Structures are given as C-alpha cells and as structure tokens.
Amino acid sequence: MAGLTKTKPTPPRWLLAELTYACPLQCPYCSNPLDYTKYQNELDTDDWKRVLTQARKMGAVQLGFSGGEPLTRQDLPELVKHARELGYYSNLITSGYGLTEEKIIALKEAGLDHIQVSIQASSQELNDHIAGTASFNHKKEVAHLVKKHGYPMVLCVVIHRENIHQMPEILAMAEELGADYLELANTQYYGWAHTNRDQLLPTKAQFEKAEIIAQAFKEQVAGKMKIYYVVPDFYEDRPKACMNGWGTTFLTIAPDGVALPCHSARELPGLHCPSVKDYSIEEIWNESKAFNFFRGTEWMKEPCRSCDEKDKDFGGCHCQAYLLTGDMHNTDPVCSKSPHHGVIQAAIDSAAASTLAENEKPLVFRNSKNSKLLS
Amino acid sequence: MSINPELPIQFSRTHRLQWEEAQQKNVILYPEGMVELNQSSAEILKLCDGTRTLAQIVSDLEAAFSTSGLTNDITAFLEVALQNGWINQN
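Protein chains in written order, with numbering that gives the first Met the number 0: chain P, 0 to 374; chain E, 0 to 89.
So, in structure tokens, the structure goes:
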C-alpha cells in the first residue's frame, strides 16, 4: 500500500515443536486445546526435519520438544540428532512417564541438551491424583537419572489451589533432587485450566504466602539453583508481555503441522493459522495473515492505543482477551485500565465461592473422553 | 563468590557457547535461555578451557590483542560469569 512502510519482522528465536497431543497424563490445567482429539494426523519425521531445518536457517536457536508427551514419538532420538546437527539447543519438556535410563543415554548421545521433568506435587497422593496416573515415584527416579547423566535438570511444578499449600515441601523436594533450575509456574488459565478455573485458582492470600516462601528460598539457594517464577497474572494490575510480542520471537508448531504464534492461539477465531504442509516457515513467519495479525500497534483499540506502556506489554495476551471479553482485539482484562477489568475480580470471586460450596465441582481431567465431550 | 587466582577456570558443562550466524554473535545457551555476548566477552570465555588461570587468561588476551591493563575488566567480567554459573573452578 502506498505510504505504508513495511519493516521486516524479527526472526524467530524459539521454536516449540509440539510433537503429539498423545499423553499418558491427564493434568486438568493442560494448555493443549480442549478439542485436541480432532487433530489426529501428526506430522511425519520428514516434515519435522524440514520444519527444524527451515526455522534454524531463519535464526531459531532454542528448541522445545513438547506435546502431549513427546516421548510417545518413536522418532524422538532421530529428531534430536537432526536438531543437534543444525546447532539448536534442544529442551525436552516431559512428564518423565516412560523415560528409562536407556532412553536418557540414547537421547544424550543424539545430542539432547536438557530435560525438564514436571512433577505435580510434593506428595505421591496429590501428584498421582492431579496427573491422573500413578507416576510420582517414577518421576523422582527420572529426575535422579537426568542428573546422573550430566544434563542440567529443570524441575517444573505447575502451581494451583490444590498444591499451593505444599510450597515449602515442593522447594525441599527440588533441593533434595538436586534441581539446577526450578520452574514454579503459576497456572495460566487457557485450555483445560480455563475450564477448571473455579477449582484451580488460589486466593490472593494463598498466592502471597506462597510467593514470600518461594522468594526467601530463591535467596537461600542463589548460586546453586535458579528459580523461574511464572507470575499469576490474575493478581497483577498490568498484563504480561505475552510471547515477548506476537510474532517477534516464538513459533509453535502443533502436532498436525499448524503454525501458531503462541501455543494457545489455536482457539482464537478467524486467524486461519497456516500449516507447514502448505508453506515454508519463512513464508509463514513473514507473510501469513496469522503471524502479522497482532504485530506492531496498529491493531490496538483504546485504552492500549494511547497508552504509554503499549511498547512494554503489547496489550497483553490476546487469548486471555478473547476468553474473558469475547474480543481478541481488546486489551487483556488483567490490565486495570481495561474497561473489562471487572471480569478478573469476578473470576477470583467465583473461584473463592467454589471452595465454600457444599458440592464443589469435580476437576475435568484432560483425556480423550472429556475432549470429545467438550469439542 | 569470587575468582580463585590459583585454580584454572572452565566453561560450564551445562551451558553451551556457540556462534550464531543469523545474529552474527556468540551466545551462551542454557535451559530455555540465551545470553548474547559482545566480542570481548566471547574471547574471554573461549579461553576458559579448564587449563588456564585468571592470570594466564589475562596475559594470553593481552598478547593476542597487543595491549595491556586488561586485568580489571577481565576479572570483573569473570566474576559475573561465575555468579551466573557460566564458568566454574572445580
């Protein structure tokens, strides 16, 4: 268009390869889409190799093998080897389920750089309940083996109302397992977590207590263990700078080959996210409608448009705006300047009321049966 | 935490130092993270190979760049590197 100067987007740095939606666990906060059972046709090995090659050429360097449970893909070692040859730093993001010492060694030889093991709680009973699978003891064993074979060990614990009271025990467990990094990820309410929000969202008092304990621990273990603390944005008054800005840094490829600017973007309407079966990564990143949709500030409405912080948080999260206000162009309602900010307090109140209700709703676990019911 | 002048310095086995063609920069890679390095920082870290002490790194770099008086800058950078876990001395 005349008069419009189009600057070339910054290249992707982070590639999240969601190899599969298959998973032996049933965590009720899973970020996969509710209707994941609709997308059964997974990319084959050659498709993934092509994707890795094309994204690396553009400048992607951090690579996450994720899912679902990526270990269910038999070609994982082959993909890891290809990634290493291309110069990626490969992160395996796993539940640990099905990970044996033999596989840990094979993946190391293939060139895997790091294994992140998720644990759902500090006690077997709660871990196995949340995961929907008896997995606690095996996960701890896997954490030991990851260390034994010289990988940096990242322990990831997703925090919500069912386990937030275990914060001191979770920290002690991380120390006992010798974690190099501990990711304390306060639940982000998309996908399955959105469905289960009334049962998962802690109170502000619970958050604040847990944060004080985690902060004190962070100082205590400085130099030995690094803590990544994912903030609970419902208790902030400014939104997160989601994805470091849409289409600036992160590229997610879903199991069926659909390219997403963030792993939740599949639930946004009308984006028509392109598939790697039809286009190259370069075409997708630079030219597709979906990746250009929220680039820059032109798309913004008020209060973002005239806000002096718009270059800091880019209007926050579009998936959250869509889920909570019905319009993905709106300001993330976490922002206290949003005219819809009241929906956040309403969500907090609703979750608090749910704890007091005589018959608290049961958690909806992430499995194929529930996915089909919710699709 | 500070550098022990008696001991050799080595780059961390759980981090990776690598040249990135797309960025025309050296970077340090670690779980889910990346630090971009300027040229002098990269040159210092490349000499942290587990055989050289602080004094040897300084003299090697001063020789390579035909200069002197680098001790303070290199020491300051290596202390930051040690605190970040990019290097170690054991």
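The beta carbon of each residue, even a glycine, is placed where N, CA and C say it ideally should be.
Treat the numbers as computed from the prediction; the structure is a model and nothing was measured.
{"Item": "Check whether A173 (chain P) and L154 (chain P) have beta carbons under 7 Å apart", "Value": "yes"}
{"Item": "Same chain, Cβ closer than 8 Å to D310 (chain P), five either side skipped, listed in chain order", "Value": "T296"}
{"Item": "Minimum C-alpha distance to G84 (chain E) - residue among P:L181, P:W191, P:K223", "Value": "P:K223"}
{"Item": "At least three beta-carbon pairs within less than 8 Å, the stretch 191-210 of chain P to the stretch 235-247 of chain P", "Value": "no"}
{"Item": "Y234 (chain P) - DSSP class collapsed to helix/strand/coil", "Value": "helix"}
{"Item": "Simplified DSSP assignment, three categories, for V34 (chain E)", "Value": "strand"}
{"Item": "Runs of beta strand (DSSP E) lying entirely within the stretch 76-150 of chain P, each at least 3 residues, in chain order", "Value": "88-93, 113-117"}
{"Item": "4-residue-minimum alpha helix (DSSP H) runs that sit fully inside the stretch 259-299 of chain P, ordered along the chain", "Value": "280-286, 288-291"}
{"Item": "Nearest residue (CA-CA) to P11 (chain P), options P:M299, P:E210, P:G246, P:I252", "Value": "P:G246"}
{"Item": "Residue-level contact to chain E via CB, P151 (chain P), 7 Å cutoff", "Value": "yes"}
{"Item": "Against chain P: residues of the stretch 7-23 of chain E by CB proximity under 7 Å", "Value": "R12, T13, R15, Q17, E19, A21, Q22"}
{"Item": "Cβ pair F233 (chain P), M242 (chain P) closer than 7 Å", "Value": "no"}
{"Item": "Stretch-stretch touch, CB-based, cutoff 8 Å, three pairs: the stretch 276-290 of chain P with the stretch 65-78 of chain P", "Value": "no"}
{"Item": "The stretch 13-23 of chain E in contact with the stretch 49-59 of chain E per 3-pair CB rule at 8 Å", "Value": "no"}
{"Item": "Contact set between the stretch 95-118 of chain P and chain E, restricted to residues whose Cβ is under 8 Å from the partner", "Value": "D112, H113, Q115"}
{"Item": "CB contact below 7 Å: K4 (chain E) versus chain P", "Value": "Lys is not the amino acid found at residue 4 (chain E); the sequence shown has Pro there. Cβ-Cβ to chain P under 7 Å: no for P4 (chain E)."}
{"Item": "Validate contact between the stretch 133-142 of chain P and the stretch 80-88 of chain P using beta carbons, cut 8 Å, 3 pairs", "Value": "no"}
{"Item": "3 or more residues per run - each beta strand (DSSP E) lying fully within the stretch 181-258 of chain P", "Value": "225-229, 249-252"}
{"Item": "Option in P:A258, P:V156, P:L267, P:G67 with minimal Cα separation from A320 (chain P)", "Value": "P:L267"}
{"Item": "Contact set between E42 (chain E) and chain P, taken where Cβ atoms lie within less than 8 Å", "Value": "In chain order: nothing, as chain P lies at least about 20 Å away."}
{"Item": "Which of helix, strand or coil DSSP assigns to V26 (chain E)", "Value": "strand"}
{"Item": "V153 (chain P): first and last residue of the uninterrupted beta strand (DSSP E) it sits in", "Value": "152-158"}
{"Item": "Within chain E, partners of Y180 (chain P) - CB distance below 7 Å", "Value": "P30"}
{"Item": "CB contact flag (T202 (chain P), A351 (chain P), <7 Å)", "Value": "yes"}
{"Item": "Closest Cα partner of K24 (chain E) within the set E:M33, E:G32, E:R15, E:N37", "Value": "E:N37"}
{"Item": "Residues bridged to D48 (chain E) (per DSSP)", "Value": "E:Q9"}
{"Item": "Cα-Cα separation between Y188 (chain P) and C26 (chain P), rounded to whole angstroms", "Value": "13 Å"}
{"Item": "Helix, strand or coil at W85 (chain E) according to DSSP, with G and I counted as helix", "Value": "coil"}
{"Item": "Start-end ranges of the alpha helix (DSSP H) lying completely within the stretch 313-361 of chain P, minimum 4 residues", "Value": "317-324, 341-355"}
{"Item": "Sub-7 Å separation of L15 (chain P) and G63 (chain P) beta-carbons", "Value": "yes"}
{"Item": "Inter-residue spacing [alpha-carbon to alpha-carbon] between V145 (chain P) and A356 (chain P)", "Value": "43 Å"}
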